[in-house]
Amino acid sequence: MTGPLLYARSRALPVTLAALAGTAVFALWAAHRMEMYLDPDRRVPIVALAPLLAAAMIGASLRTPSDELDRTAVRPWWPLRLGQLAGLTALAAALMSPAVLGHPDVFGPPALIRNTLGCTGVTAAAAVLLGARLSWLPAFGYVSAVYLGSSGVRGRAATVWAWPMQPGAQPGAWAAALGAFVVGGALYVVLGARPEGPRG
Amino acid sequence: MTSLPTVRTITGHPLRAETVRGFASWAGAAVVLTLGVLLAGSSPRWQGGWAETATELHNAQLIVVPLAAAAGCRQGGRERRRRTGELLTTAVRPPLARFLASALPVAVWVAVGQLLAVGLALLATWPYALGDRPHLALVPGDVVASASAVLAGHVVGRAVPSRLAAPLLAMAGYVGLGILAVSREGAGRHLNPAFPAGDDSVPLWWQSVAMAVWTAGLAAAAVLAYAARRRAGALLPLAAATTAGALLVLTGDGLWHTDPLARRQVCDTSVTPAVCVNARYAGLLPQVSKALSGVTGKLEGVRNVPVRWEDHLGAPRGGEAELPNLTPIGWSLVRGRLTDPVDFAWQSVAALSGHDECDEVPPRVYRTDEAVEHYLAPSPGEAYFDELSARGTPAQRAELQKRRAARARLAAMGDEERRDWLSAYFAAAGTCAGLNEVPTL
């Protein structure tokens, strides 16, 4: 195995792809169980939590098993890292969208894509700062806290800090999620995940 | 002599080293930060109400328990990641002591983090509190449940050699507890450490103890079954957990009863109608009295008005009108202040006429009600709706003319005449049966 294929194998991408597919199937099943055709607001749990799960899976794959060796490489790493992060994010969004088809202006595919971008961005930034193994923690803490804490909260600021819970057409939430993805993604693409020592 | 510091490090208790170094304190920080985001985001919903603060802190168990389990799970995989498992088996300490040395510090830090968040929330509520006293009955059960989740998660982390174990445990725990929390039936829901609590209800005193024994018993059974030399010892905590669980399930809805304070109200009887607010936020009475002072001033000497605006649990009794809803806080009551006294006064007047619940209100009565509201406490949206009607269809414009004429007639009456007319109006108010007796303007 050489080049991108070896890279994919070393980041456990087959397992990650399987986990993303599993997340999508779970989202689809939950969407049917919750009878969401009755009311688009019932999709909020899926729109907020499925991207969180997908981002945790993506975050776990951002590791490198041979950090010191990687740093001796002649070839630049950023194209491979960018391809991995962008590809997995796009794939996750594409796989999960069928679970929430329709109602694009409230809780439909746009909101789900936005949350996937935001959660992956936060997770990628966490992978740089904390390491890939713990990268799920900040996004899980933040999104689950906002999920419980933002109901009934109004105001312009809430559309930004409560971005995972906003309808799809909310510009403030898009700005926050895109900002998280751009910053987190750039950090990861440039720096790579924090090396995991024996203490991991 | 130079080796003295090294000697001291080695002889220190392993629990101390594990507690002050490594992941444990970070787990506590994660709990504080997560609760901080939740509490800061929802602060209008709980700040200023002791019962609401306690409810919010308890309902946060939905996040804290999975987070604690995932933190334990990560810590549990540590020896495998460091490849020190084999080395540790050569230690003279029994496996249970080795297990607890790495698991307990995380549990302690998670509990400390949660207690810190509880303390901060209580401090944040204190300056805005309007009555009542801090509700702490649920805190011990919650903290024990979180610490138990750490121990149970640690067992999972030791047993499952996967990177995805911790995030999956967190998500599965969150979704699972969430599904349990929304189920409204089945006695099993009382076993959920994150069951949703209500603002008006308080638990029996032993509920927290039974919940603590239930969660700690299950966790201790898992730990003993995994790490103890004599695994049969796991049966003892399992039996305790089963007993506590059976108590919780058998008592069922009886675990919760209405807060006696929520049934009481405090009243300002110096005005007519008297103004009452629930005893849970008794300190709000001066603000409510002030908001309604314009209305009570204009109603002085008017007969047949309701005795009081009530704010106890349940429907108004005979001769009472319902005070507009102050709870759930976060809408008309935020951080101990009425957000919109003008709107509050208008809603209070609308409750006096009692025609809101009638199926069909004749236009004549509707106009009369509206004119009385305009005189006593105009709606904040009145000018806006008048503007809409003025630009509407000819029928709407004609209706606006009639509304304005009715308001003008009431305003033009002499004080004595108006008191008599209002007395007649309130004699017919309060029931849908009296719609036809409402005097015309």
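Residue numbers (the numbering used here), protein chains in the order written: chain G, 1 to 200; chain W, 201 to 641.
All residues carry an ideal CB built from backbone N, CA and C; glycine is no exception.
I want to see whether chain G comes within less than 8 Å of Arg245(W), judged by CB atoms only; does it?
The beta carbon of Arg245(W) falls within 8 Å of a beta carbon belonging to chain G, placing the residue at that interface.
For the stretch 322-334 of chain W and the stretch 210-221 of chain W, state whether three or more C-beta atom pairs, one from each stretch, are separated by less than 8 Å.
With the cut-off at 8 Å, the stretch 322-334 of chain W and the stretch 210-221 of chain W do not touch.
Is the shortest distance between the beta-carbon of Phe140(G) and the beta-carbons of chain W less than 8 Å?
Judged by the 8 Å Cβ criterion, Phe140(G) is in contact with chain W.
Check the Cβ-Cβ distances between Val318(W) and every residue of chain G, and say whether any is below 8 Å.
Val318(W) is outside the set of residues whose beta carbon lies under 8 Å from a beta carbon in chain G.
Would you mind telling me which residues of chain W sit closer than 8 Å to Ser66(G), beta carbon to beta carbon, in chain order?
The premise fails here: Ser66(G) is roughly 16 Å from chain W at the closest Cβ pair, so nothing lies under 8 Å.
Is the stretch 337-347 of chain W close to the stretch 405-417 of chain W, with three or more CB pairs under 8 Å?
Output reads yes: the stretch 405-417 of chain W touches the stretch 337-347 of chain W.
Let's test the definition: count the other Cβ atoms within 10 Å of the Cβ of Val25(G) and tell me whether it reaches 16, buried, or not, exposed.
With a threshold of 16 other beta carbon atoms within 10 Å, Val25(G) falls short and is exposed.
Considering only residues of the same chain and omitting the five flanking positions on each side of Pro110(G), which have a CB-CB separation below 8 Å?
Excluding sequence neighbours, Pro110(G) sits near Pro104, Gly168 and Ala169.
Can the beta-carbon of Val502(W) be found closer than 8 Å to that of Gly519(W)?
Not in contact: Val502(W) and Gly519(W) (Cβ atoms no closer than 8 Å).
Range covered by the beta strand (DSSP E) that runs through Ala474(W)
From DSSP, the beta strand (DSSP E) with Ala474(W) extends over Ala474 to Asn478.
So what does DSSP say about Trp509(W), is it helix, strand or coil?
Annotated three-state conformation of Trp509(W) is strand, per DSSP.
Distance, Ala422(W) Cα to His258(W) Cα:
Distance between the alpha carbons of His258(W) and Ala422(W) is about 25 Å.
Please determine, among Asp569(W), Gly353(W) and Gly592(W), the residue with the shortest C-alpha to C-alpha distance to Arg603(W).
When only C-alpha atoms are compared, the closest one is Asp569(W).
Would you call Phe585(W) buried or exposed, if buried means 16 or more other Cβ atoms sit within 10 Å of its Cβ?
The residue is exposed, with fewer than 16 neighbouring Cβ atoms inside 10 Å.
Using CA coordinates, which residue listed in Ala550(W), Arg537(W), Arg535(W) and Leu323(W) is at the minimum distance from Trp509(W)?
Of the residues Ala550(W), Arg537(W), Arg535(W) and Leu323(W), the one whose Cα lies closest to the Cα of Trp509(W) is Ala550(W).
Go to Asp468(W), then tell me how far its beta strand (DSSP E) extends in each direction, as first and last residue.
Run containing Asp468(W): Gln465 to Asp468, per the beta strand (DSSP E) assignment.
Return the residue from the list Pro562(W), Asn478(W) and Thr496(W) that minimises the CA-CA distance to Arg619(W).
The alpha carbon of Arg619(W) has as its nearest neighbour, out of Pro562(W), Asn478(W) and Thr496(W), the alpha carbon of Thr496(W).
Beta-carbon contacts of Val182(G) that lie in its chain and below 8 Å, excluding the five residues immediately before and after
Take Val182(G), set aside five residues on each side of it, and the residues of its chain with a beta-carbon closer than 8 Å to its own are Gly121, in chain order.
Look up Pro403(W) in the DSSP assignment and give the residues it is bridged to.
Paired residues: Trp456(W).
CB contact check: Ala92(G) to chain W, cutoff 8 Å:
Using a Cβ-Cβ cut-off of 8 Å, Ala92(G) does not count as an interface residue toward chain W, since no Cβ of chain W sits closer than that to its own.
Three CB pairs or more closer than 8 Å across the stretch 61-81 of chain G and the stretch 136-156 of chain G
Judged by Cβ distances under 8 Å, the stretch 61-81 of chain G makes no contact with the stretch 136-156 of chain G, as fewer than three pairs qualify.
If you run the structure through DSSP and keep just helix, strand and coil, what is Val534(W)?
Here DSSP, grouped into helix, strand and coil, assigns Val534(W) to strand.
With a threshold of 8 Å between beta carbons, is Ser10(G) in contact with chain W?
With a threshold of 8 Å between beta carbons, Ser10(G) makes no contact with chain W.
Between which two residues does the alpha helix (DSSP H) harbouring Glu599(W) extend?
Going by DSSP, Glu599(W) is part of the alpha helix (DSSP H) stretching over Pro594 to Ala612.
Test: Gly241(W) CB closer than 8 Å to a CB of chain G
So yes, Gly241(W) belongs to the interface.
On the criterion of 16 or more Cβ atoms from any shown chain inside 10 Å, does Val382(W) qualify as buried, or is it exposed?
Counting Cβ neighbours within 10 Å, Val382(W) comes out exposed, since fewer than 16 surround it.
Contacts around Arg293(W), its chain only, beta-carbon distance under 8 Å, and the 5 residues preceding and following it disregarded
Excluding five sequence positions before and after Arg293(W), the CB atoms of its chain that fall closer than 8 Å to its own CB belong to Ala301, given in chain order.
How many Å lie between Val638(W) and Ala628(W) at the Cα?
Here the C-alpha atom of Val638(W) lies approximately 5 Å from the C-alpha atom of Ala628(W).
Please state if the CB of Val190(G) and the CB of Phe107(G) are separated by a distance shorter than 8 Å.
It is not a contact, given that the beta carbons lie outside the stated cut-off.
Give, in chain order, every residue of the stretch 255-268 of chain W whose Cβ lies closer than 9 Å to some Cβ of chain G.
Cβ contacts with chain G come from Glu256, Asn259, Ala260, Leu262, Ile263, Pro266 and Leu267.
By the DSSP assignment, the beta strand (DSSP E) with Glu522(W) in it spans what residues?
Taken as a continuous stretch (DSSP letters only), the beta strand (DSSP E) holding Glu522(W) covers Glu520 to Glu522.
Hey, would you say Leu513(W) sits closer than 8 Å to Ala370(W), going by beta carbons?
Cβ distance not < 8 Å, so Leu513(W) and Ala370(W) don't count as in contact.
Rounded separation between Pro195(G) and Gly131(G) - CA only:
Computed Cα separation, rounded: 7 Å.
Would you decide whether Pro305(W) is buried or exposed? Buried here means 16 or more other CB atoms lie within 10 Å of its CB.
Burial state of Pro305(W) is buried, judged by a 10 Å Cβ sphere holding 16 or more other Cβ atoms.
Which of the three DSSP states, helix, strand or coil, is assigned to His390(W)?
The answer is helix: DSSP assigns His390(W) an H, G or I state.
Please check the pair Val153(G) and Gly249(W), which I expect to be a contact at CB under 8 Å, by giving their CB distance rounded to whole angstroms.
Between the beta-carbon of Val153(G) and that of Gly249(W) there is about 16 Å, and that puts the pair past the 8 Å contact cut.
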